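Reading the sequence shown from the start, the letters are residues 12 to 297 in the numbering used here. C-beta: ideal position from N, C-alpha, C; glycine also. Bear in mind the structure is a predicted one, so any value in this text is a computation, not a measurement.
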Amino acid sequence: MLWNGCKKDGQRNDCGVVSKPHHLGTTPWTSLQSVNILMVATLQLGLIRLLALAFALVATWIFLRTSDSFSVRTIRLPRWMAPNLPDAGSKSALSNQTLFSPTDMAPKDIEIKKTKCGLSKPCPFNYFAFRICSGAANVVGPSMCFENQIIMSPVKNNVGRGLNIALVNGTTGKVLRKNSFDMYSGDAKLLVNFLKEIPRDTLVLVASYDDPGTKMNDDIRKLFSNLGSSYVKQLGFRDSWVFLGARDLKNKSPFEQFLKSNPETNKYDGWPELLELEGCVPRKVF
């Protein structure tokens with residue numbers, strides 16, 4: 012018969028190639044060899060796992076034997092860094108106390124010291140704490156705090172356009188008078204009379220709002236200068252100004268801030284940004 016273009020003749024074809032019979036499948040010996048190889052591979056894998064387990068057990072045993080000599084050290088901070096932590100020798104000291112122990116981090120152990128009027132630090136003895144904020148444009152009114160007491164504020168509804176002024180006894184800290192004066196369309200004589208009637212030994216707190224300068228005149232400027240102001244002579248339309256002075260000061264007051272209204276630098280549309288003045292004033296500043 013013809014097979015791929017050659018004629019078969021017995022075991023040799025016309026192409027000169029000896030043909031051998033093809034067998035489908037494998038012999039029993041080949042199957043046995045495959046089974047043996049699979050068993051050897053399984054045994055090797057099991058041996059590797061057994062060695063890994065033995066190594067882990069030995070390492071754990073060594074760690075447990077040596078852990079008796081290991082102890083947690085207590086971390087202690089200097090007292091200036093952790094004033095609320097108990098001393099090592101005190102009865103309240105905790106054994107094996109750690110730095111981030113839940114007891115130490117409890118909110119009840121954290122003492123927050125509040126200062127009068129929210130100052131950054133408390134005032135010395137025989138000093139008054141104060142904070143004065145000017146108004147913001149013509150939207151937010153000014154506020155004054157003296158010895159942790161809010162004297163004037165929008166919440167109290169006792170502030171107005173122009174100049175807001177409070178008088179405080181310079182010895183006792185008692186609030187004597189407070190009023191606001193419209194410096195845009197109000198009567199300037201009212202402010203002149205108010206300033207002339209300030210008694211001696213009186214602290215004067217001033218905060219501007221909206222427009223403090225339209226009705227300003229020479230008499231008012233001179234009266235504020237006598238109270239210790241350095242910037243009242245420059246005060247004009249829509250300027251920002253905060254000031255603390257006193258009757259009959261010999262020198263200019265150190266408690267004053269002033270910001271001129273300038274269209275090129277104004278923070279708000281037509282007004283400069285608000286000013287904030289805080290500090291500690293002695294009972295005797297005169």
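Coarse secondary structure for residue i, derived from DSSP in three states
i: A148; result: coil
i: V215; result: strand
i: V139; result: A small fix is needed here, since residue 139 is Phe in this sequence, not Val. The answer is strand: DSSP assigns F139 an E or B state.
i: C134; result: coil
i: G129; result: helix
i: V292; result: strand
i: G4; result: Because the chain in this structure spans residues 12 to 297, residue 4 falls outside the shown range and cannot be described.
i: L174; result: strand
i: K233; result: helix
Paired residues, beta bridge with residue i - DSSP
i: I162; result: For I162, which the question treats as bridged, DSSP gives no partner whatsoever.
i: Y279; result: W282
i: F157; result: F141, Q160
i: F254; result: V217, E267
6 Å Cβ shell around residue i - same chain, five flanking residues per side excluded
i: E284; result: K278
i: G184; result: F139, E158
i: K226; result: M194, A199
i: E287; result: C144
Residue i: CB within 6 Å of a non-hydrogen atom of the ligand SAH
i: G152; result: The ligand SAH is not part of this structure, which contains no ligands at all.
Supposed close pair residue i, residue j - CB separation, criterion 8 Å
i: S219; j: L174; result: 6 Å
i: V179; j: T213; result: 7 Å
i: K1; j: L234; result: For residue 1 there is no data in the structure shown, the boundaries of the chain being 12 and 297.
i: F266; j: L255; result: 4 Å
i: V253; j: L238; result: About 13 Å separates the two Cβ atoms, so there is no contact after all.
Same chain only: Cβ atoms within 7 Å of residue i, ignoring 5 sequence neighbours per side
i: V170; result: G152, P153, M163, S164, S191, Y220
i: F248; result: D222, G224, T225, S272
Neighbourhood of residue i by C-beta, 8 Å cutoff - its chain only, sequence neighbours within 5 removed
i: D280; result: A148
i: S236; result: V243, K244
- Message: Which complete alpha helix (DSSP H) runs does the stretch 176-230 hold, if anything under 4 residues is left out?
- Response: Qualifying alpha helix (DSSP H) stretches, in chain order: 199-207.
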